[in-house]
Amino acid sequence: MKNKAKILKEIYERLLNHFGPQNWWPAQSPFEICIGAILTQNTNWKNVEKALKNLNKHSLLDPFKLYSLELKDLSQLIKPSGFYNLKAKRLKNFIKFLIEEYNGNLETMFSEKLEVLRNKLLSIKGLGKETVDSILLYAGNFPLFVVDTYTYRILSRHQLVPEEVSYDEIQALFMENLPAEVKLYQEYHALLVACGKSFCKNQKPNCSQCPLTFLFMDL
DNA sequence: TGCCAGGCCGGGT
DNA sequence: ACCCGGCATGGC
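When you line the first sequence up against the working numbering, it's residues 15 to 233, in that order.
Written as C-alpha cells, this is what we have:
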C-alpha cells in the first residue's frame, strides 16, 4: 500500500463529513471513562450506560467508594453490562491499583511517563491493550491510537490490512502516518466506531450507504 | 428471534 | 505460539 498517510486522512475526512464530530468519550469525568472502558469490553454501549447509571445513582463513581464496596454488591450493580462477575473483579483490580499506587488520584497516575504507565496498566488482570489505550487516550489525554474490532473490520474490509494483522501493527499504521495529536486520535477512533455501528456490522454490513465505499476508485 | 456488542483470560494442543 | 471456550445482559 502506498501513500498510507493520504489514505488515512481521506478516511478521516469522509467519516467526519458524514457523521460529524463525535466529541468522545461520553462521560462526565476521567474516572467514569476508566470504568466505562472496562465495562464496555465486548459489550454494547447501551448496556454499559445502564450499569454506569446504577453506579451514579448510588454516588459510587469514586475510587474510594468502589474500593470499599463488596464485590458481590458491585457485580449486582453492573449486571446490565454483562459478564458482571468478571467485570466486577476487573474493576476492583484497577481501583486497587489506582489507590495503592497513586492514592486514588488519576492526575497523579497520569503524571507517569507514558510507556511506564501503559505497561503497569497492562499488567492489571482484566485490562488488555484496547482498554488500557482507551483509558490513556480519553482519560489521560495521551496521544495513543485505540484499536478495536471496528477499526480492524473497517480496515480489513477495505483491504488496507491483511486478515491476520495484529493490534500493534494497526496501531502503528495510524501512529506512523498521522500527526500525534490527541484530539485527532480521539475523534478518529470515535468516528470508526460510529461507522462500524452504522454500516460495518459483523454479518450484515450495509456497504452501499457507507461513506468509505469506493474509497479506492476515488483516490 | 437469533445474533451480536467499543475484550480478555486461561487451558489445551 | 496459536486456538478456542467461557464470560452474560439487553438491543434490534
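Glycine included, every Cβ here is placed at the ideal spot set by N, Cα and C. If you're wondering where the values come from, they're calculated on a predicted model, not measured in any experiment.
Alpha-carbon to alpha-carbon, residue j and residue i
i	j	result
residue 170	residue 149	25 Å
residue 69	residue 94	11 Å
residue 146	residue 128	11 Å
residue 59	residue 210	13 Å
residue 107	residue 42	22 Å
residue 183	residue 190	10 Å
residue 83	residue 192	42 Å
residue 21	residue 185	15 Å
residue 71	residue 23	41 Å
residue 178	residue 19	21 Å
residue 141	residue 133	11 Å
residue 98	residue 176	34 Å
Simplified DSSP assignment, three categories, for residue i
i	result
residue 188	helix
residue 160	coil
residue 47	helix
residue 25	helix
residue 33	helix
residue 209	helix
residue 221	helix
residue 115	helix
residue 10	Nothing about residue 10 can be reported from this structure: the residues present for the chain run from 15 to 233 only.
residue 155	coil
residue 92	coil
residue 216	coil
residue 58	coil
Sub-8 Å separation of residue i and residue j beta-carbons
i	j	result
residue 151	residue 199	yes
residue 65	residue 53	yes
residue 88	residue 80	yes
residue 131	residue 123	yes
residue 153	residue 47	yes
residue 36	residue 204	yes
residue 228	residue 188	no
residue 105	residue 49	yes
Neighbourhood of residue i by C-beta distance below 7 Å, restricted to the same chain and skipping five residues each side
i	result
residue 213	219, 220, 221, 223 and 224
residue 77	45, 109, 112, 113 and 118
residue 102	85, 88, 89 and 92
residue 157	194, 195, 196 and 199
residue 96	57 and 61
Close beta carbons around residue i, own chain, < 8 Å, minus the five adjacent residues each side
i	result
residue 206	29, 162, 164, 165 and 168
residue 73	79
Beta-carbon proximity list for residue i, same chain, < 6 Å, skipping 5 on both sides
i	result
residue 32	225
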